[in-house]
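Scroll down for the structure; my scribbles are underneath it.
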Amino acid sequence: RHPSSTHDEL
Amino acid sequence: MNIFRFLGDLSHLASIFILLHKIQTTRSCRGISFRTQALYVVVFIARYLDLFFRYVSLYNSAMKLFFIASSCYILYLMKIRYRPTHDPSIDTFRVEYLLAPCLILALIFNYKFNFAEVLWSFSIWLEAVAILPQLFMLQRTGEAENITTHYLAALGAYRALYIPNWIYRYFTEGLVDPIAVTAGIVQTGLYLDFFYVYFTKVLQGQKFELPA
Chain A
1 RHPSSTHDEL
Chain B
1001 MNIFRFLGDL
1011 SHLASIFILL
1021 HKIQTTRSCR
1031 GISFRTQALY
1041 VVVFIARYLD
1051 LFFRYVSLYN
1061 SAMKLFFIAS
1071 SCYILYLMKI
1081 RYRPTHDPSI
1091 DTFRVEYLLA
1101 PCLILALIFN
1111 YKFNFAEVLW
1121 SFSIWLEAVA
1131 ILPQLFMLQR
1141 TGEAENITTH
1151 YLAALGAYRA
1161 LYIPNWIYRY
1171 FTEGLVDPIA
1181 VTAGIVQTGL
1191 YLDFFYVYFT
1201 KVLQGQKFEL
1211 PA
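Chain order of the listed sequences is A and B.
Counting along the first sequence from 1, when you hit position 2 you're at 2 in my numbering, and nothing is skipped either side.
If you count the second sequence from 1, you need to add 1000 to reach my numbering.
Set out below in structure tokens:
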């Protein structure tokens, strides 16, 4: 999975 | 959310409370780099602007608000409330040398070439090196109050704990975030010397002193 759309980390 | 990320975030929270406690109880910001603290404000504002257009969870939003507010408050304490206790003559690291390369890295490495994503990447790179003015100051003075070293240890532990979190997420979710991982490894690496002295001296009950 590509992280570009998530950024769910601080 | 996994245990590593949660402990990392707790460690980050703890670092801020330790720093506030140090400033309030000693009524002084001696030994703290204003430049590093100002860079953290830039980091948090750049990264957490997504509060306006991305909702992850209540936990996520609350933490973001806390980090923006507390970092601004720390700047206020340093620049206004306890201004006379800050010695700019030993806090001299040129932050332009950090800001410019981080901007270039963000323009090259990002997940999408738009304002929000470039800003996100910029904040990730800048966070990795934002501690350098502080470490440089420590290097110049050669010693630090215990409480300051606890602050730095908690702050260093935060990104270090994110590394097992990324490994865990790779195996459980197949998630890889190469920008965050690369910058996170650099960030943790910058603390290695500090951690060595912290573990071998401060935690053994000695004063934090660098060899001459």
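We treat Cβ as the ideally placed atom computed from N, Cα and C, and that holds for glycine.
- For His1021/B, the uninterrupted alpha helix (DSSP H) segment begins and ends at 1003 to 1026.
- Arg1027/B places its beta carbon 8 Å or farther from that of Tyr1162/B.
- When the Cα atoms are used, Ser1070/B and Ile1104/B turn out to be separated by approximately 28 Å.
- Note that the segment 1167 to 1174 of chain B does not touch the segment 1072 to 1087 of chain B; fewer than 3 beta-carbon pairs, one per stretch, sit closer than 8 Å.
- In the DSSP assignment, Thr1085/B falls outside any alpha helix (DSSP H) and carries neither an H nor an E.
- Bridge pairing for Glu1209/B: Glu1143/B [DSSP].
- When secondary structure is reduced to three states using DSSP, Leu1119/B falls in the helix class.
- The continuous alpha helix (DSSP H) containing Leu1058/B extends over residues 1058 to 1076.
- Here Gly1142/B has Glu1209, Leu1210, Ala1212 as same chain residues with Cβ atoms under 8 Å from its own Cβ, once five neighbours each way along the sequence are excluded.
- DSSP places Ala1106/B inside the alpha helix (DSSP H), whose first and last residues are 1096 to 1108.
- Contact of Arg1005/B with chain A is assigned, a C-beta pair being separated by under 8 Å.
- Contact between Phe1136/B and Met1078/B does not hold, since their C-beta atoms are separated by about 17 Å, which reaches or exceeds 8 Å.
- The residue from Ala1180/B, Glu1127/B, Asn1146/B with its alpha-carbon nearest to that of Val1197/B is Asn1146/B.
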